Structure formats: C-alpha cells, structure tokens
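Okay, structure first, notes after.
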Amino acid sequence: MSSFKDLGLTLALCQSLSKAGLREPFPIQTQTIPDILSGCDVLAKGPTGSGKTFAFGLPILSLLAGAPSLPGHPRALILAPTRELSQQILDSLSPHAAAVGLRMVAVIGGVPLAKDRRLLAAPVDVLIATPGRAIDLVNHGLIHLDQVAITVLDEADEMSDQGFLPQVRTLLEGTPQQSQRLLFSATLDEDITEIVRRFLHDPQEHTCTENASQNDQKRYVVFRVNNARERQHILARIATRQGQSVCFVRTRHSVERQRAALQRYGISVSALSGAQTQRQRQDALDGFRTKRSNMLIATDIAARGIDIPQMDLIVHLEPPQDLKSFIHRSGRTARAGSYGTVVMMCLPKQVSVLHQVLGQAQVKASWYEVHPRSPELERILGAMEFPSFTREPQRTPNRSTRTRRLNRNRRYFRKDAHKAR
Numbered sequence: 001m002s003s004f005k006d007l008g009l010t011l012a013l014c015q016s017l018s019k020a021g022l023r024e025p026f027p028i029q030t031q032t033i034p035d036i037l038s039g040c041d042v043l044a045k046g047p048t049g050s051g052k053t054f055a056f057g058l059p060i061l062s063l064l065a066g067a068p069s070l071p072g073h074p075r076a077l078i079l080a081p082t083r084e085l086s087q088q089i090l091d092s093l094s095p096h097a098a099a100v101g102l103r104m105v106a107v108i109g110g111v112p113l114a115k116d117r118r119l120l121a122a123p124v125d126v127l128i129a130t131p132g133r134a135i136d137l138v139n140h141g142l143i144h145l146d147q148v149a150i151t152v153l154d155e156a157d158e159m160s161d162q163g164f165l166p167q168v169r170t171l172l173e174g175t176p177q178q179s180q181r182l183l184f185s186a187t188l189d190e191d192i193t194e195i196v197r198r199f200l201h202d203p204q205e206h207t208c209t210e211n212a213s214q215n216d217q218k219r220y221v222v223f224r225v226n227n228a229r230e231r232q233h234i235l236a237r238i239a240t241r242q243g244q245s246v247c248f249v250r251t252r253h254s255v256e257r258q259r260a261a262l263q264r265y266g267i268s269v270s271a272l273s274g275a276q277t278q279r280q281r282q283d284a285l286d287g288f289r290t291k292r293s294n295m296l297i298a299t300d301i302a303a304r305g306i307d308i309p310q311m312d313l314i315v316h317l318e319p320p321q322d323l324k325s326f327i328h329r330s331g332r333t334a335r336a337g338s339y340g341t342v343v344m345m346c347l348p349k350q351v352s353v354l355h356q357v358l359g360q361a362q363v364k365a366s367w368y369e370v371h372p373r374s375p376e377l378e379r380i381l382g383a384m385e386f387p388s389f390t391r392e393p394q395r396t397p398n399r400s401t402r403t404r405r406l407n408r409n410r411r412y413f414r415k416d417a418h419k420a421r
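When the letters of the sequence shown are read in order and numbered with full-length UniProt numbering, they come out as residues 1 to 421.
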C-alpha cells in the first residue's frame, strides 16, 4: 500500500495530511497524483465519494508551494458547478494549503461582488469559482487568467447538465494555451469529450470504479406505498431517527411542501433548494452539519458537494429521473469507507421507472410492500435502529373551520359592542 509521500507530495503537505489522520491515498489519488505532479494533463472518471477533490487538490498545492502570487493573478483555477461544492473544496483543502504557505479563496454566485473584491485584494494562489462568478470577475477586471498554470474542471458532467460549458470554454481560452488542464467527472458525454479534444493536451486517462466491497457498504431498500399520504407518514417516521439523513425530492415546491408537512409532526428539518438565497442555503447546511436538524430536505442541488461523514441514510422520496441523478444522490452516504442505507419510496405508478433506474445502476434492492401501521415496516425500521414513532401531525384547520371561528368571534364582538352602548 503506497503512502502520500510515495506519490511525490512535499514533506510539509504529507505532515499536514498525517496530522489530519490521512495516511493512505484512495485509488483515484494513487492513479492521478503522479501524473499531475509530472505536468501531464489528466482526464479522470470516478464515482462520487471516490476522493477526487484530494486527487487534484493535493498535487496542485505541492506544485505551487514556495512561489509567490500577485493580487488578482491566481496561479490555479478550480471550476465547480455549484456553490456548495465550491465551498466544500475550500473547506477540504484550505488547512493543507496553509501548511505549505498558500492562500485559497472561493468565489460564488449570490454573494455581493464587493465581498469578492476584498478577498481578491490580497494575493490568491488557488481560486475556486463557479463559472458564472469567474466570468463576472474577469469582466470587472478583478482577476486575470494570464498567470494560471493549472485549471481544474471538477464535476464536469454536472457543468454540462447545467449549461455552463460555454462559460467554461471562455475561461479556458483565457488561460495560457500550454498550461496544465485537469478534468474530473463521474460520467462523460459528448459535450465533455469536445472540451477534452479542444483544450487538453494528450491527457492521461484514469477510471476508478466502485469495487464490490464499496458496493457492499450500501444497503438499498424500496418501500412500496399506496399513496402520498402513506409515504408522508413513513418519511416522518424515518425523520425521528438519531442519525443524519438527506431526503431528495425533484422540485423546490416539493421541498417546501415536505418541510411544512414534517413541521406539522413537530419535526425540525433543514431545507435546501435553488430558490433560496445564498445566506439561506448556507444557514440550512450549517443547521444540518451542526445537527440542529437531523434531516435535510433537498432537490438535486444537494446531490453534489455535501460531505458529512456521519450521514448514513439517503431517502429518495421522489424517484430520480435518470441514472446520473440516482448515482449522485445515493453517493451522499457510505463515503470514505463508511456504511449507509439508501431508501426509495415508490408509488404504484413509479414502479417501472424505479426498476429501470436500478437495472441501469446494477443495484440489487430489497422491495417491501408497507403501510404506516404494518408490522413489516416496524420490523424493517427497527432493524435499522430507528426509534419508535408515536407523534401524529397537527391538523391545520380547514377553511370552513376557520370561517366558523371567525364568524363566532364577530358575533361575540357585536354582542360586546351592543352592551357598551
């Protein structure tokens, strides 16, 4: 088994990793780090949770250590598709960057430009950015790409799905032609292949797939329910557990609907969707990470960029629409050698879609026909160490009830007013 020192990283960086308890590299890191350190362009494909951030981040820090940067002229540019992933990269690499005397900054959309202006007033060695914000900073003259020696495209397939590739092309054209380019992705499609042909120079290709032992670290369970009401009650039952869990839905409206429904059970949850401001999104993640709430209701915006070691349960309340979404949602658990459970809720009309996705993912799941009061459900949840659930939702008065109360209050008011005369 090789060590980080064997891969060629600087001594200071290896010491920093050792202090953090990181001594053995993951397979994708073992494959890619030597090529990056030798100056090669790299095209790497690996599943979520396989260690891609350190695979490109650590050799960048090792290569840049010891040389100064100028304000507004970063020497490395890391592009990420979401704000959350950008912040995740910063949080993961910053302590090790400080150990080798480098400064990292993340700039993302939804944050006032004045804040980025202050961050970039001092020299920045590694700039992490979402493509749109990076373009804005270039257009405002706050950053210049002429000194960029290494460019990274992280989660390139997600950038393609979100329509960021035109901006990515513009940014790559602004970096020196012979600079080093690294592309990391979970999947590759035609648009990404075009980026590779145009901007990468004879890249070294690496593929890291999940092995059998990694697959064994996830347990897949499907709950077949009769209707949305039963599904809601079972979700509330799951939300009382002690561990961290993420519940995925398809739309921002579903996020708010499920949060309101769980609150009627007296359950506190965090919610995350693209409709929120950056402050709201950060507050939701902070509340979840600090365990003020044990469940996060989210759209697929949370399928990448969230790494919480204790998160051992993923709930697909609404089945994913395609294989890519299923892989990234499920990849939020059983990370870095830990174990996790993936629960999928399935209405009768969703059975065929879910069978198709599971078949494409080559995943074997345990199927159960359950309802909120079924002994089978209690047996399954009990085996998953969920606490007993006895709370019932607090019913919101319907319109007719509220109207009767209002009219009654008006009558009392009129009686009191009459007596006052």
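All residues carry an ideal CB built from backbone N, CA and C; glycine is no exception. If you're wondering where the values come from, they're calculated on a predicted model, not measured in any experiment.
Legend entry - R332 versus V255 - alpha carbon distance: 18 Å
Inset, instruction - Ignore the nearest five residues each way along the sequence and tell me which others in G149's own chain have a CB closer than 7 Å to its CB. - result: Looking at the sequence shown, residue 149 is not Gly but Ala. Excluding residues within five positions, the ones whose Cβ falls inside 7 Å are R75, A76, S179, Q180.
Legend entry - Boundaries (first-last residue) of the beta strand (DSSP E) holding R259: Per DSSP, R259 belongs to no beta strand (DSSP E); it is in the alpha helix (DSSP H), 252–264.
Legend entry - Backbone CA spacing between G89 and T170 [nearest angstrom]: Rather than Gly, the amino acid found at residue 89 in this sequence is Ile. Roughly 22 Å separates the two Cα atoms.
Legend entry - Three-pair Cβ contact test at 8 Å for the stretch 177–197 versus the stretch 116–124: no
Inset, instruction - Classify A298 as helix, strand or coil using the three-state DSSP reduction. - result: strand
Legend entry - Segment contact flag, the stretch 195–210 with the stretch 61–74, C-beta cutoff 8 Å, min 3 pairs: no
Inset, instruction - Classify C14 as helix, strand or coil using the three-state DSSP reduction. - result: helix
Legend entry - alpha helix (DSSP H) runs wholly inside the stretch 124–203, at least 4 long, in chain order: 131–139, 156–161, 165–174, 190–199
Legend entry - Endpoints, beta strand (DSSP E) assigned at S366: 366–369
Legend entry - C-beta contact flag for I143 and L137 at 7 Å: yes
Inset, instruction - In the DSSP assignment, find the beta strand (DSSP E) that holds I78 and state where it starts and stops. - result: 76–79
Inset, instruction - Name the two residues that bound the continuous beta strand (DSSP E) containing H355. - result: Taken as a continuous stretch (DSSP letters only), H355 belongs to no beta strand (DSSP E), being part of the alpha helix (DSSP H) at 351–361.
Inset, instruction - Mind the definition here: the stretch 4–22 touches the stretch 93–100 only if three or more C-beta pairs lie below 8 Å; say whether that holds. - result: yes
Inset, instruction - Tell me the start and end of each unbroken beta strand (DSSP E) in the stretch 87–112 that is at least 3 residues and wholly inside, in chain order. - result: 104–107
Legend entry - Beta-carbon contacts of V124 that lie in its chain and below 7 Å, excluding the five residues immediately before and after: S69, P74, R103, V105
Legend entry - Closest by C-alpha distance to L272, when choosing among D286, Y265, T299, A260: T299
Inset, instruction - Could you tell me how far apart the beta carbons of I314 and V246 are, in whole angstroms, since I believe they sit closer than 8 Å? - result: 6 Å
Inset, instruction - Could you pull out every residue in the same chain whose Cβ sits closer than 6 Å to the Cβ of L183, ignoring the five residues on either side in sequence? - result: L43, L153, A156
Legend entry - Start and end residues, alpha helix (DSSP H) containing D286: 278–289
Inset, instruction - Excluding the 5 residues preceding and the 5 following E194 in the sequence, name in chain order all residues of the same chain whose CB lies nearer than 8 Å to its CB. - result: none
Legend entry - Burial state of E376 (16 or more Cβ within 10 Å): exposed
Inset, instruction - Note the first and the last residue of the continuous alpha helix (DSSP H) segment covering A236. - result: 228–239
Inset, instruction - From the DSSP output, in three-state form, read off Q244 for me. - result: strand
Legend entry - N- and C-terminal bounds of the beta strand (DSSP E) containing K45: 42–45
Legend entry - Euclidean distance between Cα positions of A260 and S374: 25 Å
Legend entry - With 16 other Cβ atoms within 10 Å as the buried cut-off, status of H253: exposed
Legend entry - DSSP three-state assignment for R83, whether helix, strand or coil: helix
Legend entry - Residue nearest to M344 in terms of C-alpha spacing, selected from A20, R279, Y265, A365: A365
Inset, instruction - Return the chain-ordered list of same chain residues with a C-beta closer than 6 Å to the C-beta of Q350, the five sequence neighbours on each side being excluded. - result: P319
Legend entry - Where the beta strand (DSSP E) containing G21 begins and where it ends: Looking at the DSSP string, G21 is not in any beta strand (DSSP E), and its letter there is neither H nor E.
Inset, instruction - Could you name the residues that DSSP lists as bridge partners for H73? - result: L70
Legend entry - Simplified DSSP state of A114, which is helix, strand or coil: helix
Inset, instruction - Quick one: using the 10 Å Cβ neighbour count with 16 as the cut-off for buried, is D6 buried or exposed? - result: exposed
Legend entry - Closest by C-alpha distance to V168, when choosing among L79, I28, P372: L79
Inset, instruction - Please classify G340: does DSSP put it in a helix, a strand, or coil? - result: strand
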